[in-house]
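A short worksheet on the structure shown next.
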Amino acid sequence: MVLRTEPFILNMGPQHPSTHGVFRMRLTLDGEVVVDLEPVFGYLHRSMDKISETRTYQQIIPLTDRCLDYLASMSNNLSYVLAVEKLADIKVPERAEYLRVIMAEMMRISSHLMAVGFMLNDMGAFFTPLMYMFREREKLLDLFEMVSGQRLNYNYMRIGGVSQDVPEEFLPALKRFVQEMPHFIDEYDQLLAENEILLARSKGVGVLPADLAVNSSASGPVLRASGVKWDIRRGDPYSIYDRFAFDIPTGTAGDVYDRYRVRIQEMRESVRILEQAIAQLPGGLHRARVPYLLRPPVGEVYGRIEAPRGELGFYLVSDGSIAPYRLHVRGPSFLNLTALRDMVVGWKVADVVVILGSIDIVMGEVDR
Amino acid sequence: MPFNRYGAGIARGMLMTLKHVFRQPITTQYPEWRLNNSKRIRGFELVWVPVKCTGCTTCAKACPQGNIEIVTSRGEDNSYAVDKFEVDIGRCKSCGLCVESCPFEALFMSRNYELAQYQRRKLVQGKEEVRMSDKKQPSAYCKPWLEASMPAQSLLVNGERRGR
Amino acid sequence: MPWNWFDRPLPADWPGGYWWHLLVFAVFIVGLTLTMVMIFIYLERRGVARFQIRPGPNRCGPFGIMQPMADAIKVLFKEDIVPDKADGVLHWLAPVVAFFPALLILAVVPFHNGAALVDLDIGILYVIAVSSISTLGVVMAGWSSNNKYSLIAAIRAIAQTVSYELPMVLSIIGVIVLTGSLSLNDIVARQSVPFIFFQPLGFLIFLIGLMAEMNRSPFDLMEAESEIVAGFHTEYSSMKQALFYLAEYAHAFGGAAIISTLFLGGWKGPILPPLVWLLLKTVLVFAIMFWARATLPRVRIDQFMGFLWKGLLPLALINLFFTAAEVLVWPDGLPLALIPINFVAAGFLIVVWSGLIKFGGGRVAVQ
Amino acid sequence: MTTALEARKVAQQLAGHLHGISCEADKNILWVDRESLFSVAQLLKTLPGLEFDYLNNLTAVDRFDYFEVVYHLSSVKHNHSLVLKTKCFGRDNPSVPSVFSLWRGADYQEREVYDLLGVTFSGHPNLKRILLWDGFDGHPLRRDYL
Numbered sequence: 007m008v009l010r011t012e013p014f015i016l017n018m019g020p021q022h023p024s025t026h027g028v029f030r031m032r033l034t035l036d037g038e039v040v041v042d043l044e045p046v047f048g049y050l051h052r053s054m055d056k057i058s059e060t061r062t063y064q065q066i067i068p069l070t071d072r073c074l075d076y077l078a079s080m081s082n083n084l085s086y087v088l089a090v091e092k093l094a095d096i097k098v099p100e101r102a103e104y105l106r107v108i109m110a111e112m113m114r115i116s117s118h119l120m121a122v123g124f125m126l127n128d129m130g131a132f133f134t135p136l137m138y139m140f141r142e143r144e145k146l147l148d149l150f151e152m153v154s155g156q157r158l159n160y161n162y163m164r165i166g167g168v169s170q171d172v173p174e175e176f177l178p179a180l181k182r183f184v185q186e187m188p189h190f191i192d193e194y195d196q197l198l199a200e201n202e203i204l205l206a207r208s209k210g211v212g213v214l215p216a217d218l219a220v221n222s223s224a225s226g227p228v229l230r231a232s233g234v235k236w237d238i239r240r241g242d243p244y245s246i247y248d249r250f251a252f253d254i255p256t257g258t259a260g261d262v263y264d265r266y267r268v269r270i271q272e273m274r275e276s277v278r279i280l281e282q283a284i285a286q287l288p289g290g291l292h293r294a295r296v297p298y299l300l301r302p303p304v305g306e307v308y309g310r311i312e313a314p315r316g317e318l319g320f321y322l323v324s325d326g327s328i329a330p331y332r333l334h335v336r337g338p339s340f341l342n343l344t345a346l347r348d349m350v351v352g353w354k355v356a357d358v359v360v361i362l363g364s365i366d367i368v369m370g371e372v373d374r
Numbered sequence: 007m008p009f010n011r012y013g014a015g016i017a018r019g020m021l022m023t024l025k026h027v028f029r030q031p032i033t034t035q036y037p038e039w040r041l042n043n044s045k046r047i048r049g050f051e052l053v054w055v056p057v058k059c060t061g062c063t064t065c066a067k068a069c070p071q072g073n074i075e076i077v078t079s080r081g082e083d084n085s086y087a088v089d090k091f092e093v094d095i096g097r098c099k100s101c102g103l104c105v106e107s108c109p110f111e112a113l114f115m116s117r118n119y120e121l122a123q124y125q126r127r128k129l130v131q132g133k134e135e136v137r138m139s140d141k142k143q144p145s146a147y148c149k150p151w152l153e154a155s156m157p158a159q160s161l162l163v164n165g166e167r168r169g170r
Numbered sequence: 056m057p058w059n060w061f062d063r064p065l066p067a068d069w070p071g072g073y074w075w076h077l078l079v080f081a082v083f084i085v086g087l088t089l090t091m092v093m094i095f096i097y098l099e100r101r102g103v104a105r106f107q108i109r110p111g112p113n114r115c116g117p118f119g120i121m122q123p124m125a126d127a128i129k130v131l132f133k134e135d136i137v138p139d140k141a142d143g144v145l146h147w148l149a150p151v152v153a154f155f156p157a158l159l160i161l162a163v164v165p166f167h168n169g170a171a172l173v174d175l176d177i178g179i180l181y182v183i184a185v186s187s188i189s190t191l192g193v194v195m196a197g198w199s200s201n202n203k204y205s206l207i208a209a210i211r212a213i214a215q216t217v218s219y220e221l222p223m224v225l226s227i228i229g230v231i232v233l234t235g236s237l238s239l240n241d242i243v244a245r246q247s248v249p250f251i252f253f254q255p256l257g258f259l260i261f262l263i264g265l266m267a268e269m270n271r272s273p274f275d276l277m278e279a280e281s282e283i284v285a286g287f288h289t290e291y292s293s294m295k296q297a298l299f300y301l302a303e304y305a306h307a308f309g310g311a312a313i314i315s316t317l318f319l320g321g322w323k324g325p326i327l328p329p330l331v332w333l334l335l336k337t338v339l340v341f342a343i344m345f346w347a348r349a350t351l352p353r354v355r356i357d358q359f360m361g362f363l364w365k366g367l368l369p370l371a372l373i374n375l376f377f378t379a380a381e382v383l384v385w386p387d388g389l390p391l392a393l394i395p396i397n398f399v400a401a402g403f404l405i406v407v408w409s410g411l412i413k414f415g416g417g418r419v420a421v422q
Numbered sequence: 010m011t012t013a014l015e016a017r018k019v020a021q022q023l024a025g026h027l028h029g030i031s032c033e034a035d036k037n038i039l040w041v042d043r044e045s046l047f048s049v050a051q052l053l054k055t056l057p058g059l060e061f062d063y064l065n066n067l068t069a070v071d072r073f074d075y076f077e078v079v080y081h082l083s084s085v086k087h088n089h090s091l092v093l094k095t096k097c098f099g100r101d102n103p104s105v106p107s108v109f110s111l112w113r114g115a116d117y118q119e120r121e122v123y124d125l126l127g128v129t130f131s132g133h134p135n136l137k138r139i140l141l142w143d144g145f146d147g148h149p150l151r152r153d154y155l
């Protein structure tokens, strides 16, 4: 006898402990099994695009801090200033390039720590891994605070360089962090990487096949976990990433576990890049002379970087005035959500939050 | 899948957490213990030095929020006198662009960060409140020569985190 | 066990008179439960905080020991919110139903040699029967809240109850085979060596079953806060919420008391008074629970069911056969030489059995 | 390094496969008609040697006279990129064919463009407002909105 059951609709979010902000999913459930999912966006929409049209190019930089991925502000800054520099054809001093790379890689570590911690938290590991990762992130935030004066909204990069040179106590502290960090990553591995419950919860769960990942414009660790070896730092090197040796960790199955492992491995690779960048850091100016009210030539540009969550692109159209004619942000977590339904359908309610956690969205970037 | 399933990973993880019991908590007990902030801290208000200010309004132009209001009048010796310098720190997002743009070193970020008020209108700071005073010390944001006289920031990397 | 001068058996109606006995013990049990709940909450919060390299609540009173009190006072003064279209009576009744079994369990737990509220002949049977009532409270709460998260939690609770009872009961039978008595006091009295040494596998199964029953992490599926918000008590506030909270920890206390009675020698122990020994063992068991909570991720519902039915139930059966065989061979008490053999056998069984089965299903095909 | 393909060469490559459809080429921008957008996109995705399998970015710009719908395409396989653009006249109901069936990544981006600029994508299975709520009046990213 087949028991006929009535599907019922569950609104997960916008107020839910593990939707990472104000994300809302309309789940159609058959018992515990997810039959359908429809994401609902827009609860954090601040209209970054529209605001930018009334700001000068310089004034948009603090906007990228907070209107986008607020867990990776440095990467947002970097992506934006690179796009503007490409548009206005500005040369950046060598030291500034290195400082930017150092900041971007520190940001990546910090962001991945949060991503992995919150994913494990969604899995039900009662805040412990998260607290450990917060501890490491705290060290990085200290360093960010040292160079930029704030802990989250750095506003550090400038068109043509960085706002200030790093203080002299920055490099010794960073070196110390770089030395310690691999040891802590080992500790996280010991904590949970072989945990049977974690393996059971994540292996084979939420599989995103490689072709679907590419077709649905997934990027970053989500794409790489599906086995596509695509990293803009290597594929389309911006700034000075072509000078560093690092590997691109990829997964094979494209499941939650692979995304988790890819993030952990990327942290190790970021530490490697940091080591090289510190060793190579040249002296010199930290900022090119750029007019304060920059007027880029008429034109358009699409600049992209490999932000911690994937390809962060800025599409800028200039009409020769001091404010961009059009600014569009290609938010990686927004587009990574495209394939969410395919990953989730057929799994249980408990898996929904884990899969969502493994995609690692930041609502600031999804809704912009 | 070649992984052990009988609980060895669980045991390792539990040993790991047990190891952490014997480590020092990293939390700072905030109101009692204070950490040294960054020398470049961008506090929640501005510090204005009227003597140096020429009323050029570069800062007001640089502000993304349009948050700085400056009214000037022509003084006796043909220089600007600043009649009004008003900042609504409730709308300020501490981006520091005004400080960075000031050509005369007349504007600084403050080191203060505990500025809660009961009413929004009290956050509007006029000429007298913005002025540099003993309670409002400038931070070294974009003013690197101030850094030498400031206490070093307490860093968790160096284990200096317990505060005083 | 070394001789302990506290160990004199008390008369069944201590301190004299039927009604006095009932009154004294009833007050004692309620008082002890409330105190232990406070202590447990404090211990858990501080303990988990230490696992997470933070100090934990330390502001309220010396070392923060007044924190549970402050929380309780705060929660009692909150507004009591009953959702619209909730089933009012059930919604009101559910926390009570969830709470009182925890007290009922303690009625048969011996705090001293022979000192229990009632020393039932079928004590352990009574414990099993009573402890499952609290699930009813959970189901009532989930059903009456008119909230979908609560409903999911309620249905999970039913599935969970059916699953964990069997392995738990089977592992208790191992103990009963060893003692030949269902009375908890007898069980303690016969533990010259704590039964954990003769029943390591049984202890583990019972501990896991207990954690499932008390819905402690990693089996806290009915209040999985990252999935279904707060599960069955999503829509509860104020006193009712406090009562659920109380019920959870009272249950933890009751369960820990039962497990220390069955496997860890109950009130037995050298030098210290029996009550202190019982409480120490209880706290120890509880410490293991919050240690696990601080470390482990939550299992999924189908994996959990698979784990209980395919993993624990057969193991409990094997354990029962093993014990029965041992008792057949050595009817006058098991020799101490069996202890290492038991441990090795338990480890061997776990490793082999875990390789044989598959927990939980994977993706469900959805049309 | 991702090579930005020269649009003229791509246009020549496409010319043999397209009948009656012309596409103009700027330096590295391929302009196509609104009508032929879908067939060009399909060719770009499938033609050996091009195989643009990744839609980086899809957005639109309000040029007052027309809306310019911009597709940033790239190929993970060959590591090259191209900008595809189409013009879409009319302010009341501008419409372009949807590329949802070619690139799933266009799903939310087309909805976003529809939401904020009011460009309709015909053929999109679920064209609803995405960031703003249903019933919002107007399309805020148009230059004449307030």
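Chains as they are written, first to last, in this note's numbering: chain A, 7 to 374; chain B, 7 to 170; chain C, 56 to 422; chain D, 10 to 155. Yeah, the Cβ is synthetic: ideal placement off N, Cα and C, and Gly gets one too.
{"Check": "Neighbour list for G210/A in chain C, Cβ cutoff strictly below 9 Å", "Outcome": "G417, R418"}
{"Check": "Cβ-Cβ distance between I108/A and G166/A below 8 Å", "Outcome": "no"}
{"Check": "Separation of S107/D from T357/C, as counted between CA atoms", "Outcome": "One detail in the question is off: residue 357/C reads as Asp in this sequence, not Thr. Approximately 41 Å between the Cα atoms of the pair."}
{"Check": "Contacting positions in the region 111–126 of chain B - beta carbon closer than 9 Å to chain A", "Outcome": "M115"}
{"Check": "Nearest-angstrom Cβ-Cβ length linking G19/B and N201/A, presumed shorter than 8 Å", "Outcome": "5 Å"}
{"Check": "For T25/A, three-class secondary structure by DSSP", "Outcome": "coil"}
{"Check": "Presumed contact (8 Å Cβ cut-off) between L239/C and G178/C, rounded CB distance", "Outcome": "4 Å"}
{"Check": "Interface residues of chain B facing V406/C [CB-CB closer than 7 Å]", "Outcome": "Y12"}
{"Check": "S409/C and Y119/B closer than 8 Å at C-beta", "Outcome": "no"}
{"Check": "Identity of the residues DSSP links to S81/D by a beta bridge", "Outcome": "Sequence inspection shows His at residue 81/D; the Ser mentioned does not correspond to that position. BP columns for H81/D point to N66/D, V92/D."}
{"Check": "Supposed contact pair L93/D and A50/D - C-beta distance, whole angstroms, cut 8 Å", "Outcome": "7 Å"}
{"Check": "8 Å contact criterion, which R114/A and E272/A should meet: CB distance rounded", "Outcome": "7 Å"}
{"Check": "Reference R5/A, options Y49/A, G257/A, S339/A, closest by Cα", "Outcome": "Since the first residue of chain A shown is 7 and the last is 374, residue 5/A is not available in this structure."}
{"Check": "Any beta strand (DSSP E) of 3 or more consecutive residues that is wholly inside the region 252–318 of chain A", "Outcome": "305–313"}
{"Check": "Closer than 8 Å to chain C by CB, S24/A", "Outcome": "yes"}
{"Check": "Interfacial residues, the region 17–33 of chain B to chain C, with Cβ spacing under 8 Å", "Outcome": "G19, M20, M22, T23, L24, H26, V27, R29, Q30, P31, I32, T33"}
{"Check": "Pick from R43/D, K86/D, H81/D, A20/D that is closest to L52/D, judged by C-alpha positions", "Outcome": "A20/D"}
{"Check": "Residue-chain proximity (A279/C, chain A), Cβ-Cβ < 8 Å", "Outcome": "yes"}
{"Check": "Closer than 7 Å: G13/B CB and nearest the ligand SAM heavy atom", "Outcome": "This structure does not include the ligand SAM; it has no bound ligands of any sort."}
{"Check": "Bridge partner(s) assigned by DSSP for C97/D", "Outcome": "F76/D"}
{"Check": "Under 9 Å (Cβ pairs) to chain D, residues found in the region 350–367 of chain A", "Outcome": "none"}
{"Check": "8 Å Cβ cutoff, L341/A in contact with chain D", "Outcome": "yes"}
{"Check": "Per-residue contacts from I47/B into chain A (C-beta, under 8 Å)", "Outcome": "E151, G155, Q156"}
{"Check": "Limits of the unbroken alpha helix (DSSP H) element including E135/B", "Outcome": "133–136"}
{"Check": "Same chain only: Cβ atoms within 7 Å of R301/A, ignoring 5 sequence neighbours per side", "Outcome": "G326, S327, I328"}
{"Check": "Straight-line gap, M18/A to V368/A (C-alpha atoms, nearest Å)", "Outcome": "16 Å"}
{"Check": "I231/C and L265/C closer than 8 Å at C-beta", "Outcome": "no"}
{"Check": "Chain B contact for A371/C (CB, 8 Å cutoff)", "Outcome": "no"}
{"Check": "Close Cβ partners of N37/D (< 8 Å) along its chain, the five nearest in sequence each way excluded", "Outcome": "A13, L14, E15, A16, L91, V92"}
{"Check": "Ordered list of alpha helix (DSSP H) runs contained in the region 169–209 of chain A, each at least 4 residues", "Outcome": "176–194, 202–208"}
{"Check": "Under the three-state DSSP convention, the category K323/C falls into", "Outcome": "coil"}
{"Check": "Contact set between R113/D and chain A, taken where Cβ atoms lie within less than 8 Å", "Outcome": "L218, N221, S222, S223, T344, A345"}
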